[in-house]
Each structure stands twice: as structure tokens, then as C-alpha cells.
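Each remark here refers to the structure printed beneath this line.
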Amino acid sequence: MNRITPQIQRLEEILGRDGGVLTLQADPTALAPERAVVFEVSGSLSTFTAQAERVGFMLLGEFETEYDPDENFYYANDKDERQADKVEATLYLLMPDERAMQELLRLWARYRDGKSFPRNYGQWKALFDQLRTIRPWGAQDRLTASFVQELREWVSRGEQRPFRFEVNLWFSDSDEKRRSSRGNFETVISGAGGQILHESRIDAIKYHGLLAEIPSQFLGEDETQFIQLISHLDPVMHYAPQSMAYSEIIVDEEGELAVGEFDAARPACAALVDGYPFSNHSLLTNRVDIEDIFEIEQLSQSAYRKHGTAMASLILNGELSQTDDVVNNRLLVIPALQPDTFQNNEEFFPPDKLAIDLIYQAVLKIHEKQVSEPATFGKLTIINHSLGNRHEEYCGKVSHWGKLLDYLSFTYGYLFIVSAGNHKHNFALRQFSTLTEYEAAAPEEKRNATFRALCEDVQFRQVLSPAESINPIVVGAWHEGAPDIGPPPGRLVDLFPSDDGPSIVSSIGLGHKRSIKPDIFYKSGKAYCSVSTANGCCLVIPSTNSAGGLSVASPGTPGVQTSRARTFGTSCAAALVTNLAIRISNMLDELAETFATANVPQSHRAALIKALLVHGSAWHETGEHLEGITEPLGGKKHFARRTNIARLLGFGRPDIERVIESTSNRATMFAYGTITKDQKQILSIPIPASLSGRADLRRVTVTLSWFSPVNTRHAQYRQAVLELEIPEKCGAERKTILQPPTLTCNRGTLIHGIFEGTTPITTESFTVEISCKAQAGGLDDAVPFAIAVSFETPIESEIDVYTEIRSRLALEVRERVPV
0 MNRITPQIQR LEEILGRDGG VLTLQADPTA LAPERAVVFE VSGSLSTFTA
50 QAERVGFMLL GEFETEYDPD ENFYYANDKD ERQADKVEAT LYLLMPDERA
100 MQELLRLWAR YRDGKSFPRN YGQWKALFDQ LRTIRPWGAQ DRLTASFVQE
150 LREWVSRGEQ RPFRFEVNLW FSDSDEKRRS SRGNFETVIS GAGGQILHES
200 RIDAIKYHGL LAEIPSQFLG EDETQFIQLI SHLDPVMHYA PQSMAYSEII
250 VDEEGELAVG EFDAARPACA ALVDGYPFSN HSLLTNRVDI EDIFEIEQLS
300 QSAYRKHGTA MASLILNGEL SQTDDVVNNR LLVIPALQPD TFQNNEEFFP
350 PDKLAIDLIY QAVLKIHEKQ VSEPATFGKL TIINHSLGNR HEEYCGKVSH
400 WGKLLDYLSF TYGYLFIVSA GNHKHNFALR QFSTLTEYEA AAPEEKRNAT
450 FRALCEDVQF RQVLSPAESI NPIVVGAWHE GAPDIGPPPG RLVDLFPSDD
500 GPSIVSSIGL GHKRSIKPDI FYKSGKAYCS VSTANGCCLV IPSTNSAGGL
550 SVASPGTPGV QTSRARTFGT SCAAALVTNL AIRISNMLDE LAETFATANV
600 PQSHRAALIK ALLVHGSAWH ETGEHLEGIT EPLGGKKHFA RRTNIARLLG
650 FGRPDIERVI ESTSNRATMF AYGTITKDQK QILSIPIPAS LSGRADLRRV
700 TVTLSWFSPV NTRHAQYRQA VLELEIPEKC GAERKTILQP PTLTCNRGTL
750 IHGIFEGTTP ITTESFTVEI SCKAQAGGLD DAVPFAIAVS FETPIESEID
800 VYTEIRSRLA LEVRERVPV
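In C-alpha cells:
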């Protein structure tokens with residue numbers, strides 16, 4: 000009780016005076032009406048927020064955290080001995096009015112005096128029992144580390160331009176309070192010579208943001224005055240640096256591409272939100288539809304339109320040294336980046352706009368085109384989002400940008416394919432103390448040292464916003480280049496010469512609530528590096544040399560329409576996965592042309608493409624290798640070890656050919672539907688009759704995907720939890736295959752499992768049970784889901800799996816579907 004008594008006593012004393020409310024509001028360290036209050040609670044309280052709202056508190060948000068044990072809160076073992084494990088906690092952010100503060104004092108008095116609580120107020124007693132601290136939302140919360148760092152670096156460089164930053168205001172449903180919040184901030188910033196440049200409000204995700212600037216003259220040589228000016232503004236949740244896109248290095252190559260004519264006969268099923276593409280390039284001519292809603296064209300000289308051109312090239316053509324990946328679809332492009340003509344490879348969001356608002360408006364335009372021009376854009380389902388905020392790494396909470404993508408995915412049925420983000424900082428190979436030692440090491444030693452270094456560096460290479468979002472497919476970069484590249488130039492080094500590891504510039508996992516992110520990794524070009532020594536160990540320095548990158552179309556020389564370039568990074572991987580998604584979409588269209596019952600409605604198309612993208616993924620040899628070197632080692636620590644492997648591999652790398660075609664020994668089936676809370680749906684999967692009673696090896700792969708609504712103010716966030724149960728009647732088990740643990744798989748909106756075994760089968764089918772549970776405050780919406788199931792046996796078994804299963808399914812599938 001003593002830990003919170005002083006704050007409550009001060010509130011009680013001052014609130015009872017005449018003018019007490021004003022006195023409290025004038026002191027930024029005091030609890031006060033209309034000031035966000037933080038209740039830090041050990042554990043969590045299931046119904047506390049509803050009871051708090053009943054007495055006048057408005058919920059602003061809740062977040063999970065952890066802290067070191069103390070004398071009041073700790074975990075004990077069976078002998079009641081204190082353990083050193085961190086204690087889980089929940090932060091409840093509430094906005095009180097004066098009535099709520101009076102109620103808080105009344106309830107505290109009952110708790111202090113040992114009196115019982117009224118009906119429907121029991122969670123308040125639990126709150127006071129578990130309460131570690133109660134405090135006002137203050138400067139330490141508003142001033143994010145990234146904001147302070149960017150501000151200090153700006154001042155130290157002596158920049159003469161105004162410093163631009165983002166202001167996240169506490170969201171309110173009241174127009175009057177919103178105007179007041181903006182007005183309070185505007186009064187302060189304008190008094191220092193600054194101004195508000197842009198304002199955005201997105202009610203669906205409880206977002207109210209401002210883009211502001213302060214003149215360099217006010218900052219001078221010391222940022223302290225500015226920090227003191229803005230740190231205690233109650234309407235502000237937090238400050239952040241202006242969102243800045245990360246860009247891949249794109250370097251033009253000598254020579255031109257030999258290209259033929261392309262027939263863009265298929266309508267667009269995908270959109271690209273990126274830079275303005277060089278649409279006159281021979282690989283893009285008459286294949287892209289550009290909607291320039293932000294008037295980027297007039298700000299973009301053709302020679303600098305590199306990123307959008309590269310992404311469009313990879314989406315429509317794949318990697319240019321391989322011609323099998325070309326798709327004959329059109330591509331809708333919404334330009335949202337403009338080139339920096341002073342830095343040849345940099346492209347950025349328009350500097351006077353909030354990036355999140357640009358993305359929101361772009362997707363609304365895509366939806367508008369889909370509705371108004373159904374013949375051209377009616378089946379548009381996929382949105383490539385190879386953009387992100389290099390100033391915001393995932394740190395335990397979903398960003399507003401991530402919340403936006405989750406909301407748009409569920410509301411409009413779009414599958415966002417999001418790049419995980421690039422990290423190009425140096426990192427240590429601690430296994431080697433000198434360069435001589437490194438160079439003398441065997442290739443396997445170097446490979447192991449690189450894997451260990453990436454694991455040690457995980458806290459510095461978290462996914463970049465919005466890649467922590469739960470509904471999109473998030474793509475990490477795999478260290479694999481084009482077939483036509485040579486050895487690293489000069490003294491540069493290839494850390495994974497056998498293409499058997501994640502890129503050294505890729506973000507790695509995990510995601511929100513330790514879910515799997517990135518979901519998959521894909522070919523992204525080779526990121527070369529140099530190796531030197533520092534502080535007694537070898538240091539990896541990633542290079543900007545793109546000689547090992549993927550071949551893409553480029554604006555190149557003015558007047559030339561066949562120029563090419565090389566580039567690498569997570570954006571490239573996401574663009575190639577978008578190409579795969581288009582090929583899956585085309586396969587579904589061709590199935591529907593032949594079999595009417597295979598016509599997937601638009602409401603479920605995105606969920607099905609999402610499932611099929613992941614369905615062919617596996618860890619393969621890299622996972623087996625990491626199983627032997629990844630901490631924690633030991634037979635009883637496989638859950639923690641394989642969760643750590645999932646940071647580096649996700650669900651694996653997708654094998655699209657396993658999805659778009661079946662063979663005699665493998666059949667792939669899919670289904671889709673809608674499920675509501677507390678509902679179960681059971682699917683019956685036929686088993687080949689030839690397997691009856693036989694102990695032949697068989698593999699069953701199951702992938703379930705869905706789009707969940709989200710509660711942006713709840714710590715659990717994800718409202719729809721789908722679970723998958725597969726009885727052992729299929730004669731296969733999950734534990735025989737190296738893959739992410741079941742619990743880790745169940746934390747997002749994708750469940751992917753591979754089952755293998757030889758147990759004789761005596762039934763004609765096995766069932767897959769899908770159930771839906773509500774969390775994060777409840778679930779009122781129906782949830783779209785899709786599931787893919789593959790059944791296969793070794794070729795040498797000579798069992799015609801495909802024919803036997805096809806004959807028993809009401810929905811027939813073709814043996815091979817060309818794309």
C-alpha cells in the first residue's frame with residue numbers, strides 16, 4: 000500500500016481545495032483531471048477497463064510489459080523462494096475527468112479501510128492489490144528515444160533547415176476535444192516560430208497526428224529549451240521523428256536489356272504503392288496504370304525514378320535473368336515517394352505530409368478504382384508495400400502504421416505484402432579475434448559465426464514499422480542472388496556463398512506478442528560486406544556495392560528505354576513475393592474458368608492467396624543446421640531454440656511450384672469460409688485408398704490463414720484467435736519435422752504445420768477442425784479464413800495420390816494449371 004499512498008494523498012489533499020483542479024493541472028508531475036494516468040499492474044485484469052469507464056475514465060490504451068522483481072512482486076518456486084525472472088505487467092492508460100478522480104479517491108478509501116467493494120467494482124480491489132505504481136503520463140513517455148536522438152543529431156550537425164517531427168495526440172471521439180488538443184499544441188509551437196504542416200485523423204484506428212516543424216534558429220546549439228517547451232503538453236501522447244522510407248541501393252549497369260513485346264492481357268490483381276515508375280521502359284510500357292493522386296510526377300525527373308521502376312519490374316517480370324516469372328497482368332501504381340535529386344539513390348515521402356496518411360489515401364483510391372472500374376480492377380486483391388519507417392523499429396507495441404494495415408486488410412479484404420525492412424549497421428563476429436584468424440577459418444566455421452552474430456544482434460534488427468502488423472504477409476530478405484552474378488568484387492566478402500542464410504541486412508523476428516515475423520524469407524540479392532577488426536573481434540561492415548543484387552529495369556540514360564540496374568534488400572524480396580501472389584491469383588482464375596465451383600469470392604480471395612503463399616514453405620537444410628548451433632542447446636529446450644530459429648527463418652522460404660501444380664504423388668486442396676466466435680468447423684480430408692493398412696511414408700501439410708479485426712486500445716490487440724486441430728488419423732505427426740513450435744505459430748494470423756509419419760491408416764479420411772475464440776475485448780465480426788492441405792507420398796511408393804483424392808472430392812482440380 001505504501002508504494003502508491005503518496006500520489007493518492009496528494010491528489011486527495013489538493014482536489015479538496017478551491018481551485019484544486021487548476022492547481023493539479025498546473026503541476027505536470029501530479030495526477031489531474033484531463034491528464035492521462037498510467038496504472039502499472041502486475042499481471043493483468045480481465046474486466047478492469049469496463050469498470051474504469053463506468054466511473055468516468057476513458058480508456059486510451061493498454062500495453063504489456065515486464066520488469067525486474069522487487070520485494071512486492073516476484074515469482075516464487077515450490078519452496079516459496081524468490082526467482083530472478085522478470086515479472087509480467089500491464090500498463091493501463093486512462094483519461095479521467097473530475098468525477099473519475101473523485102471516484103478513484105472514494106474507492107481507494109474503501110480499499111485502505113478494508114471495506115468491501117460494491118457490486119461490479121470488484122476489479123478495483125484487484126487493481127489496488129496488484130498496482131505497482133500510479134503516475135501521470137509524463138515527459139519520459141512523450142519523448143521517445145528515437146525522437147530525442149534524431150533531434151540531437153540534427154542540432155549537432157548544425158542543420159539550417161527547420162526540424163520536422165510527428166506529434167501523436169491522444170485520440171478523442173469529441174470534435175471539441177480534438178480541436179482543443181490541436182489548438183493547445185499549435186499555440187506553443189507557433190510561439191517558438193514553428194508551425195503545423197499537416198494533420199491526419201483516422202478514426203478507425205484511433206489516430207490523430209500532426210506533422211510540425213520548428214526553425215533551426217530556435218533550436219540553436221542546444222535542444223534543451225525546445226524539449227522543455229514541449230515535454231509537458233497533456234494533449235500529446237508522444238513525439239516521433241518524421242517517418243522516413245528506407246531505400247535499396249540501385250546501381251545502373253552497363254549494357255541494355257534485350258526485351259520483346261509483352262501482352263498485358265490480364266487485368267490488374269495487384270497494386271504498388273511506391274515511387275513513380277519510369278513507365279516508358281520497355282519492360283513496363285502499356286503494363287502499368289498510374290494514379291498520381293499526390294502529384295509526384297511533377298517532382299520526379301525520369302532519371303531518378305529508380306525505386307518504383309525496380310519494384311514494378313520485379314513484380315511484373317521477376318528477376319530479369321530468369322524469364323519464367325513474367326506475368327501478363329497490368330499493375331496499378333499509386334506513387335507515394337519522390338526522389339532526392341541530391342542523393343541519387345534516395346527517395347522519400349513528400350516532406351510536408353504524414354506518411355501514414357499517404358498510405359491511407361492511396362488504399363482508399365485503390366478501393367475506389369476497384370468499385371468504379373470492376374472490369375479493370377474488380378479482382379484487385381494484392382497490395383505491394385515495399386515501404387517502411389526507418390525511424391521506427393518494433394518495440395513491443397503495434398505502430399499506428401501497422402494498425403492501419405491491419406484495419407485495411409480486414410475491412411477491404413486486401414493482402415498487403417510488406418517488406419520487413421533493412422538494417423545496414425556493422426555487427427561483430429566474436430568468434431574471431433583477428434582478420435588472419437577469420438581468413439584461415441573453414442567455410443563452415445564462418446557460416447556458423449555469421450548465424451550466431453545475427454542471433455546476438457537481434458535487438459538491433461527488429462522489423463521496421465509497419466512490418467509488425469498481424470494481417471499482412473511480411474517478407475524478409477534471403478541471401479540469394481541472380482544466376483548470372485560473379486564473385487564479390489575487390490576485397491568484398493560473401494558471408495553465405497551457398498545462398499543458405501538470411502541476408503545480413505534483413506530485419507529478423509519476432510513480431511507482436513512473439514508471433515512469427517517475418518512470415519517468410521525470399522530471394523533478395525546478395526549483400527556483400529567487408530570484414531575488419533575492432534575491440535578484439537572481427538567486424539562485419541555491410542557494403543553498398545550491389546554487384547550481387549537482382550537485375551531490374553532502370554530509368555538509366557535519358558532516351559534509353561532498355562536500361563538495367565542491380566539492387567538488393569527486403570523490398571526486392573517483397574516485390575518477388577508479390578509476383579508469386581499474382582501467379583497464384585492467375586491460377587485461381589484459370590481454375591474458375593474450368594470449374595464453376597472453384598470461383599473464389601473476392602471476400603475470401605486474399606486469405607486464400609495468403610495461405611497458398613506460405614503453404615510450400617519449410618526450413619529445409621538451413622533449419623537442420625541451425626538446430627545444432629542455436630541457443631539454448633539441449634534436448635529439453637527445443638521450444639526456445641526453435642523459436643529463436645524462427646527469428647531467422649520465419650515459416651521458411653516459399654516453393655511456389657508445390658502450390659500451383661500437383662503431381663501424381665502429391666495433391667493440394669483448398670477451402671475457404673467464414674467463422675464466428677465460439678464456432679467450430681470441421682473439414683474432411685480424403686486419404687488415398689491405396690494407403691489403407693500400409694506403413695508407407697506420407698507427408699501432410701496444412702496452412703490456415705485469416706484476417707482478424709483488431710482492438711487498437713487493447714493489449715491483446717488481435718480479436719480473432721483461430722485454432723487448428725488435426726487428429727493423428729492421417730498417420731503422421733508434427734514433431735517429426737523441424738519447424739516453428741505450435742505455440743509460436745498460433746500467435747499471429749497464419750498457422751502452418753508439416754506432419755510426417757508411417758503409421759498404417761485404417762480410415763478413409765481424416766478431419767481438420769477449425770475453431771474461433773474471441774479476445775482483446777470481444778469479437779462481433781465474422782472472420783474470413785482459408786485453408787490449404789497437401790497430401791503426398793514418396794515417388795517410389797507408386798501411389799497415385801492425386802488421382803485417388805481427386806476422384807473423391809466434389810471439387811475437382813486440374814493436374815497442372817499454367818500461369
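In numbering that gives the first Met the number 0, the protein residues as written are 0 to 818. Note that the Cβ used here is the ideal one computed from N, Cα and C, for glycine as well. Remember, predicted model here, so these are calculated numbers, not experimental data.
Open item on the list: Using a Cβ distance threshold of 8 Å, determine whether the region 662-671 contacts the region 628-641, with at least three qualifying pairs required.
Closed with: No: fewer than three Cβ pairs fall under 8 Å.
Task: Selection from V782, E755 and S764 that minimises the alpha carbon distance to K772 - done: For the set V782, E755 and S764, the Cα lying nearest the Cα of K772 is the one of V782.
- [ ] Classify G776 as helix, strand or coil using the three-state DSSP reduction.
- [x] Correct three-state label for G776: coil.
Open item on the list: Going by C-alpha to C-alpha distance, which of A617, T561, T702 and L549 sits closest to I608?
Closed with: Measuring from the Cα of I608, the nearest candidate turns out to be T702.
TODO: Would you mind working out which of S514, I229, L168 and G121 sits nearest G190, comparing C-alpha positions?
DONE: Nearest of S514, I229, L168 and G121 to G190, Cα basis: I229.
Open item on the list: Quick check on G91: buried or exposed, where buried means 16 or more other Cβ atoms within 10 Å of its Cβ?
Closed with: It should be noted that the sequence gives Tyr, not Gly, for residue 91. Burial call: buried.
Open item on the list: Using DSSP's beta-bridge definition, name the partner residues of M57.
Closed with: Per the DSSP secondary-structure output, M57 pairs in a beta bridge with M94.
- [ ] Pick helix, strand or coil for S505, following the three-state DSSP scheme.
- [x] When DSSP states are grouped into helix, strand and coil, S505 belongs to the strand group.
Task: Enclosing beta strand (DSSP E) for R200 [first to last residue] - done: Its beta strand (DSSP E) spans residues Q194 to I201.
Open item on the list: Strictly by DSSP, which residues pair up with Y66?
Closed with: DSSP lists V86 as partners of Y66.
- [ ] Can you say whether T569 is buried or exposed, counting buried as having 16 or more other CB atoms within 10 angstroms of its CB?
- [x] Counting the other CB atoms within 10 Å of its CB gives T569 a total of 16 or more, which places it among the buried residues.
TODO: Consult DSSP for N316 and reduce its assignment to one of helix, strand or coil.
DONE: DSSP places N316 in helix when its eight states are reduced to three.
Task: N-terminal and C-terminal residue of the beta strand (DSSP E) that A565 is part of - done: A small correction: the amino acid at residue 565 is Arg; Ala does not occupy that position in the sequence shown. Boundaries of the beta strand (DSSP E) around R565: S562 to T566.
Open item on the list: Please tell me whether I201 and V272 are closer than 8 Å, where the distance is taken between their beta carbons.
Closed with: Cβ distance not < 8 Å, so I201 and V272 don't count as in contact.
Task: Residues of its chain near L611, where Cβ-Cβ distance is below 6 Å and the 5 sequence neighbours each way are ignored - done: Only I583, V658 and A787 meet the Cβ criterion.
- [ ] If I'm right that P276 touches A311 with Cβ under 8 Å, what's the distance once you round it to whole angstroms?
- [x] Cβ-Cβ separation between P276 and A311: approximately 4 Å, consistent with a contact (criterion under 8 Å).
Open item on the list: Quick check: the region 471-486 against the region 511-524, are at least 3 beta-carbon pairs closer than 8 Å?
Closed with: Yes: the two stretches touch, three or more of their Cβ pairs being nearer than 8 Å.
Task: As assigned by DSSP and simplified to three states, the class of W123 - done: The answer is helix: DSSP assigns W123 an H, G or I state.
Open item on the list: So if DSSP puts D288 in a beta bridge, which residue, or which two residues, is it bridged to?
Closed with: For D288, the beta-bridge partners assigned by DSSP are L331.
- [ ] Could you tell me if A374 is buried or exposed, where buried requires 16 or more neighbouring beta carbons within 10 angstroms of its beta carbon?
- [x] The residue is exposed, with fewer than 16 neighbouring Cβ atoms inside 10 Å.
Task: Proximity winner among L150, R131 and H280, relative to T64 (alpha-carbon distances) - done: For T64, the nearest C-alpha among the options comes from R131.
Open item on the list: Considering Cα atoms alone, identify which of Y66, L93, A99 and M100 is closest to V86.
Closed with: Among Y66, L93, A99 and M100, the Cα nearest to that of V86 belongs to Y66.
Task: Given P496 as reference, the closest of G489, A452, K445 and R513 once Cα atoms are compared - done: That would be K445, whose Cα lies nearest to the Cα of P496.
TODO: Pull up the distance between the alpha-carbon of E763 and that of T792, whole angstroms please.
DONE: Spanning the two alpha carbons is a distance of roughly 16 Å.
- [ ] Report yes or no: do the region 226-242 and the region 544-556 share at least 3 C-beta pairs separated by less than 8 Å?
- [x] As far as the Cβ criterion goes, the region 226-242 does not touch the region 544-556, which means the pair count is below three.
Open item on the list: Quick check: the Cα distance between S301 and P554, rounded to an integer number of angstroms?
Closed with: For S301 and P554, the distance between alpha carbons rounds to 6 Å.
Task: Run of the beta strand (DSSP E) containing H384, from where it starts to where it stops - done: For H384, the enclosing beta strand (DSSP E) has its first and last residue at I381 to H384.
TODO: State buried or exposed for L810, treating a residue as buried only when at least 16 other CB atoms are found within 10 Å of its CB.
DONE: Note that L810 has pLDDT 40, beneath the 50 cutoff, so the model's placement of it is unreliable and no number is given.
- [ ] Using only the heavy atoms of the ligand HEM, determine whether one of them is closer than 7 Å to the beta carbon of A427.
- [x] For the ligand HEM, the structure offers nothing, since it holds no ligand at all.
Open item on the list: Taking 7 Å as the limit between beta carbons, can you name the residues of its chain near R652, skipping five residues before and five after?
Closed with: So the list reads W477, I519, F520, Y521 and S616, once near-sequence residues are dropped.
Task: L575 vs L313 beta-carbon contact at 8 Å - done: Between L575 and L313, the gap from beta carbon to beta carbon is short of 8 Å.
- [ ] Give me the Cα-Cα distance between S506 and E623, rounded to the nearest whole angstrom.
- [x] Here the alpha carbons of E623 and S506 stand approximately 21 Å from one another.
TODO: Work out the CA separation of N745 and A719 for me, nearest whole Å.
DONE: N745 has its alpha-carbon roughly 11 Å from the corresponding atom of A719.
Task: Reduced DSSP category for I416 - H, G, I as helix; E, B as strand; rest coil - done: DSSP places I416 in the strand class (E or B) of the three-state scheme.
TODO: Starting from A820, follow the alpha helix (DSSP H) in both directions and report where the run begins and ends.
DONE: Summary: the structure shown does not reach residue 820, with the chain confined to residues 0 through 818, and so no result is reported for it.
TODO: Pull up the CB-CB distance for P465 and S408, whole angstroms please, since I reckon it's below 8 Å.
DONE: Your pair P465 and S408 does not check out as a contact, with CB atoms roughly 11 Å apart and the cut at 8 Å.
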